[in-house]
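Worksheet: one structure, shown below.
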């Protein structure tokens, strides 16, 4: 399942390191802050998505197990009635 593969880490280190080359201290500081915030936020969202994917995968397994159990129970009752 493609969706369950881990998300690649977003690395904005290079843009952040190049910030001083902008020539404007405020713009450089803003870029560094943005890059750090973006990396933290993307890591948080990736972790949330992974947790959600694990839950959905488990729910799917539970659904399949329940479906199989119901089919077996119906088959068992049908066999007894015949």
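In the working numbering, the protein residues as written are 5 to 86.
All residues carry an ideal CB built from backbone N, CA and C; glycine is no exception.
Remember, it's a predicted structure, so these values are computed and weren't measured experimentally.
Taking all protein chains shown into account, do 16 or more other C-beta atoms lie within 10 angstroms of the C-beta of residue 35, making it buried, or fewer, making it exposed?
Buried.
Check this for me: beta carbons of residue 31 and residue 24, under 7 Å apart or not?
No, the pair does not count as a contact, with Cβ atoms beyond the cut-off.
Buried or exposed for residue 39, going by 16 or more other Cβ atoms inside 10 Å?
Burial call: buried.
Taking the alpha-carbon positions, what's the residue 59 to residue 73 distance?
So the two alpha carbons sit approximately 21 Å from each other.
With DSSP as the reference, label residue 65 as helix, strand or coil.
Reduced to three states, the DSSP call for residue 65 is helix.
To the nearest angstrom, how far is it from the Cα of residue 75 to the Cα of residue 83?
Residue 75 and residue 83: Cα-Cα distance of roughly 12 Å.
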